[in-house]
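Heads up: the sequence lines are chains S and G, in that order.
Take the first sequence: its position 145, counting from 1, is numbered 145 in full-length UniProt numbering, and each next residue is one higher.
Take the second sequence: its position 327, counting from 1, is numbered 327 in full-length UniProt numbering, and each next residue is one higher.
What follows is a single structure, written as structure tokens, with notes after it.
Protein chains: 2
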Amino acid sequence: MKRYDQVAQALAQRIEQGQYRVGDRLPSVRALCRELGVSVSTAQEAYRRLEASGLAEARPRSGYYVLPRPTPSVLPKVSRPAQRPLDVSQWDQVLELVARAPEEDRLLMLGRGIPDLAAASLRPLQSQLATLHRHVAAHGLNYDSLPGSLELRRQIVRLADKSGCLLHPDDVLITTGCQEALSLALRTLTEPGDVVAVDSPSFYGTMQILKAHKLKALEIPTDPRTGISLEALELALEQWPIKAIQVTPTCNNPLGYTMPEARKQALVALAQRFDVAIVEDDIYGDLAFDTPRPRTLKSFDDDGRVLLCSAFSKTLVPGLRVGWMAPGRYRDQALHMKYVSTGASATLPQLAVAEFVQHGHYERHLREMVRQYRRHRDIMIDWVLRYFPPGTGVSYPQGGFLLWLELPGAVDCVRLNEQLMGEGLHITPGSLFSASGKFRHCLRLNYAAAMTPAVEAGLRHVGEAVAALLEQEVPA
Amino acid sequence: MKRYDQVAQALAQRIEQGQYRVGDRLPSVRALCRELGVSVSTAQEAYRRLEASGLAEARPRSGYYVLPRPTPSVLPKVSRPAQRPLDVSQWDQVLELVARAPEEDRLLMLGRGIPDLAAASLRPLQSQLATLHRHVAAHGLNYDSLPGSLELRRQIVRLADKSGCLLHPDDVLITTGCQEALSLALRTLTEPGDVVAVDSPSFYGTMQILKAHKLKALEIPTDPRTGISLEALELALEQWPIKAIQVTPTCNNPLGYTMPEARKQALVALAQRFDVAIVEDDIYGDLAFDTPRPRTLKSFDDDGRVLLCSAFSKTLVPGLRVGWMAPGRYRDQALHMKYVSTGASATLPQLAVAEFVQHGHYERHLREMVRQYRRHRDIMIDWVLRYFPPGTGVSYPQGGFLLWLELPGAVDCVRLNEQLMGEGLHITPGSLFSASGKFRHCLRLNYAAAMTPAVEAGLRHVGEAVAALLEQEVPA
């Protein structure tokens with residue numbers, strides 16, 4: 001074997017063993033020469049071999065970087081939920097997830113929807129908050145106006161422009177997180193007993209709104225690459241008295257897909273044809289890996305039937321509880337519902353976010369986060385392929401920081417999670433994302449924060465636990 | 001006339017003309033001697049005369065102070081609402097009040113429920129907020145646990161002890177303002193179409209919750225000194241399928257009364273007998289002028305049927321939106337409702353309030369505010385007696401910073417307010433406090449902040465406008 005082949009093989013082995021991770025820069029040619037005592041031309045040739053084998057890529061003036069593994073991952077299957085309206089259950093599992101105080105938690109939370117809060121590009125937000133709290137006039141401590149701070153609504157209008165939405169500040173209501181926006185939207189549109197069509201799997205926060213307000217969920221089959229099935233939805237609209245359609249079409253939680261633009265447009269047209277409102281959850285939309293960010297359903301809405309809901313909880317920080325909605329033709333009812341639910345939202349966080357956006361920090365932060373999350377996605381998929389049993393389905397997120405796994409067998413992830421919690425780990429079981437506890441063999445992971453050895457070890461441990469459970473399952 | 005009688009008369013005239021106001025310290029004996037060129041004994045005798053006439057009182061080692069006018073004020077009448085369940089209206093008027101951004105407002109708001117935000121004893125809160133935002137670890141930006149920060153819940157338990165309530169931190173849920181607590185409580189207890197018994201007049205925020213959730217309000221006659229009529233309530237409980245009783249029994253908004261303890265106890269017993277839940281709004285309770293503060297209904301509740309709702313919006317600042325509830329036996333449902341409504345409440349404001357309370361700033365602030373609000377109450381009642389037509393009914397608040405006026409004739413306060421807004425003034429029309437627009441001839445005033453000449457001039461102007469309207473009313 002030629003010397004450069006030996007060097008290339010050594011590098012490939014290190015990548016395989018995880019010494020260099022997806023997205024990492026490999027040692028420079030000069031460093032490699034020093035380390036292995038080879039000539040510059042040998043090192044260069046070794047890198048060319050590595051590149052040819054698809055393990056690394058050269059980036060001009062920067063060096064060689066580890067590529068995601070060429071092994072094609074298996075996507076989760078298209079969901080096939082029960083095609084009839086159901087009462088939502090699963091509150092106990094959700095409660096377990098949300099009742100915890102993160103700072104007191106000694107568990108490694110592998111699945112909760114929390115962004116990276118340690119990002120350097122967030123720092124201006126913290127100092128703005130401190131300054132505002134020290135220097136703000138009394139009005140910062142007073143009730144804000146009910147629709148929310150005009151400064152912030154102006155900035156939201158400017159941002160919405162990037163998703164193809166032409167809004168006016170009067171179209172926007174500030175809410176206490178996206179959860180309040182979704183809750184106001186659904187309570188504005190429905191009465192107890194009404195049927196709401198949802199994508200499937202679907203965000204558990206919305207599912208629990210349906211439960212609390214005695215609404216029925218009609219789960220529609222959903223493709224992990226293109227989203228809710230328009231064909232199935234059309235059939236459902238013909239068959240059931242659906243009051244609203246609730247979807248997360250961009251950087252979906254939990255599946256990570258973004259519906260193609262043509263399908264988004266068709267979805268709005270379908271809602272028009274059947275005269276149904278759409279509640280669009282866009283909370284991860286600004287974290288899309290593509291530039292410019294994908295359009296919202298709202299951007300295709302010409303008669304005000306889309307209630308767009310979003311927040312700065314995933315793009316900035318969740319603890320400020322700054323969300324917003326553009327409720328279209330339902331503005332008056334939504335404003336009333338907002339008043340009775342929490343009154344005006346807190347004043348100072350709105351002013352801080354408005355400043356952060358206005359001074360360009362938001363877009364800078366998004367660029368950093370999108371780069372980081374895209375890299376982390378590749379690393380985590382790589383780890384899943386390494387550490388989970390073959391046949392495990394893995395989503396391929398187009399944005400955001402959530403990964404969805406479908407295990408190759410009847411592993412009960414609620415029980416798996418109970419076992420893991422005894423060992424200091426926590427995953428989000430898939431059954432939370434269904435009205436009736438489907439997706440028990442699925443789970444959600446989070447790759448937002450630093451991909452530390454602890455996270456890798458935790459994930460490996462989960463993979464091994466899954467493998468052990470699958471083995472038990474095989475009849476002797 | 002004796003010289004000391006002349007001096008006493010001169011002082012009485014100055015008080016009458018408003019040169020010295022209720023609660024003001026009059027000039028010292030020495031100063032009076034200098035000013036009027038009289039002897040010490042003459043000045044002393046003049047003050048004794050003034051005291052005898054009930055215009056001033058001597059306070060040991062301090063001097064003479066102006067007393068409230070002995071003129072007995074007329075109390076508002078016991079309310080006689082329609083004794084059948086009603087749909088709530090009046091949203092437009094409420095919206096006008098709450099949609100305004102206080103800082104942009106050029107109106108002199110004489111009636112909104114906002115505490116004095118300029119109080120010096122609030123300053124530690126602002127610096128704590130600033131410090132927290134600068135130095136807090138990432139968890140301050142993260143989702144809090146769903147029930148809220150344990151630090152704050154511990155402090156709330158300590159405070160609740162003073163109102164006779166023995167609570168455990170697990171009994172307390174942090175909410176986004178008292179409005180959310182009330183909304184969660186009512187949504188936990190009812191379904192659309194249900195009947196809720198309320199005091200009358202009743203806080204418009206609660207009335208609008210009933211409206212938004214299609215509940216019916218059964219307004220119960222209410223005495224401006226002792227609160228909701230237990231006799232009328234008992235009849236109503238026999239006659240109607242009442243799901244919940246909603247009252248503000250301590251420092252009532254808008255009437256200012258505190259129900260006597262025995263009546264509070266009887267109210268809880270009545271609820272037990274008819275197996276109905278009580279939603280108790282205690283948001284002004286800590287601002288009672290009596291020490292120790294009055295007991296809550298919750299303190300008499302031995303089977304968990306009272307859902308106690310409160311907040312730091314009136315005692316500290318409203319813009320932080322820190323509220324709480326002790327939902328008794330309904331905790332699980334209330335926690336679920338909390339999750340679907342807004343998720344966890346904002347983290348840092350909770351930590352700041354917890355620190356403020358823990359370090360004793362809260363109780364110090366309360367002492368200051370109670371002293372200030374009691375003094376302001378007397379001044380404002382004095383102004384009303386001066387500037388409003390004879391026969392105007394005036395409440396006599398036992399705490400808080402709100403005054404209720406009943407005008408002596410069919411003045412429409414909604415129209416009065418429209419007129420006043422054109423002149424830079426704003427009052428809160430009484431009709432907001434009724435399901436069906438009763439109390440149109442009543443209005444609410446706020447005496448929290450500095451009683452400036454501008455406030456006095458504004459109030460005088462309102463009084464004159466009322467007099468003019470009453471004159472028009474008289475047939476020619």
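Beta carbons are placed, not taken as given, at the ideal position from N, Cα and C, and that holds for glycine.
Based on Cα-Cα distance, which residue from G/5, G/110, G/60 lies nearest to residue 450 of chain G?
G/110
Please report the straight-line C-alpha distance between residue 432 of chain S and residue 438 of chain G, rounded to a whole angstrom.
48 Å
Given that a residue counts as buried once 16 or more other Cβ atoms are within 10 Å of its Cβ, and exposed if not, what is residue 316 of chain S?
Residue 316 of chain S sits buried, since 16 or more C-beta atoms from the chains shown fall within 10 Å of its C-beta.
Measuring only the C-alpha atoms, how far is residue 188 of chain S from residue 181 of chain S?
10 Å
What are the residues in the region 328-345 of chain S lying within 8 Å of chain G by C-beta distance?
335, 336, 337, 339, 340, 341, 342, 343, 344, 345
At a Cβ threshold of 9 Å, is residue 400 of chain S touching chain G?
no
Selection from G/364, G/32, G/460 that minimises the alpha carbon distance to residue 122 of chain G
G/364
Residue 40 of chain G classed as buried or exposed, judged by whether at least 16 other C-beta atoms fall within 10 angstroms
That one is exposed.
What are the start and end residues of the beta strand (DSSP E) that includes residue 406 of chain S?
402-406
Could you check whether the region 156-165 of chain G touches the region 329-340 of chain S, counting it as contact only if at least three pairs of C-beta atoms, one from each stretch, sit closer than 8 Å?
Counting Cβ pairs under 8 Å, fewer than three are found: no touch.
Would you kindly report the start and end of the unbroken beta strand (DSSP E) that includes residue 56 of chain S?
56-59
Chain-ordered chain S contacts of residue 220 of chain G [CB-CB under 7 Å]:
Residues of chain S passing the Cβ test: none, with the nearest at roughly 21 Å.
Using DSSP bridges, identify the partner residues of residue 310 of chain G.
G/324
Touch test, the region 283-298 of chain G against the region 73-91 of chain G, Cβ-Cβ under 8 Å, three pairs minimum:
No, they do not touch.
For residue 190 of chain G, does the three-state DSSP call read helix, strand or coil?
coil
On the three-state DSSP scale, how would you describe residue 442 of chain S?
Reduced to three states, the DSSP call for residue 442 of chain S is strand.
Going along chain G, which residues have a C-beta under 7 Å from residue 192 of chain S?
Taking the beta carbon of residue 192 of chain S as reference, the chain G residues within 7 Å of it are 191, 192, listed in sequence order.
Beta-carbon contacts of residue 480 of chain G that lie in its chain and below 7 Å, excluding the five residues immediately before and after
Coverage of chain G is limited to positions 1 through 476, which leaves residue 480 of chain G absent and any answer about it impossible.
Got a sec: is the Cβ-Cβ distance from residue 40 of chain G to anything in chain A below 9 Å?
Checking the listed chains, one finds no chain A in this structure; the protein chains it contains are S and G.
Tell me whether residue 286 of chain S sits in a helix, a strand or coil according to DSSP, three-state version.
The DSSP-derived three-state label of residue 286 of chain S is helix.
Am I right that residue 425 of chain G and residue 108 of chain G are in contact with their C-beta atoms under 8 Å? What's the rounded C-beta distance?
5 Å
Kindly list, in the order they appear in chain S, the residues whose Cβ is closer than 8 Å to that of residue 383 of chain G.
Close partners of residue 383 of chain G in chain S (Cβ separation under 8 Å) are lacking, with about 24 Å as the shortest Cβ gap.
Please list, in chain order, the chain G residues whose beta carbon lies closer than 7 Å to that of residue 483 of chain S.
Nothing can be reported for residue 483 of chain S, as the shown portion of chain S is limited to 1 through 476.
What does residue 151 of chain G touch in chain S if you count any residue whose Cβ is under 9 Å from its own?
By Cβ distance, chain S contributes nothing, its closest Cβ being about 10 Å from residue 151 of chain G, past 9 Å.
Around the Cβ of residue 254 of chain G, are there at least 16 other Cβ atoms within 10 angstroms (buried) or fewer (exposed)?
buried
DSSP on residue 65 of chain S, reduced to helix/strand/coil?
strand
If contact is defined by three or more beta carbon pairs under 8 Å, each pair taking one atom from either stretch, is the region 238-245 of chain G in contact with the region 192-202 of chain G?
yes
List the residues of chain S that residue 209 of chain G touches, going by C-beta distances under 7 Å, in chain order.
340
As assigned by DSSP and simplified to three states, the class of residue 279 of chain G:
strand
Let me confirm a value: residue 239 of chain G is counted as buried when at least 16 other C-beta atoms fall within 10 Å, else exposed. Which label applies?
exposed
Determine the burial state of residue 302 of chain G: buried for a count of at least 16 other Cβ atoms within 10 Å of its Cβ, exposed for fewer.
exposed
DSSP bridge partner residues for residue 25 of chain S (one or two, in chain order):
DSSP output for residue 25 of chain S lists S/65 as bridge partner(s).
Starting from residue 208 of chain S, trace the alpha helix (DSSP H) in both directions and tell me its first and last residue.
204-212
Cβ neighbour criterion (16 or more within 10 Å) applied to residue 476 of chain G:
Legend: pLDDT at residue 476 of chain G = 46, less than 50; position of this residue unreliable, no value from coordinates given.
If you reduce the DSSP assignment to three classes, tell me which class residue 296 of chain S lands in.
coil
Apply the 10 Å Cβ neighbour rule to residue 166 of chain S and answer buried if 16 or more other Cβ atoms are within range, or exposed otherwise.
exposed
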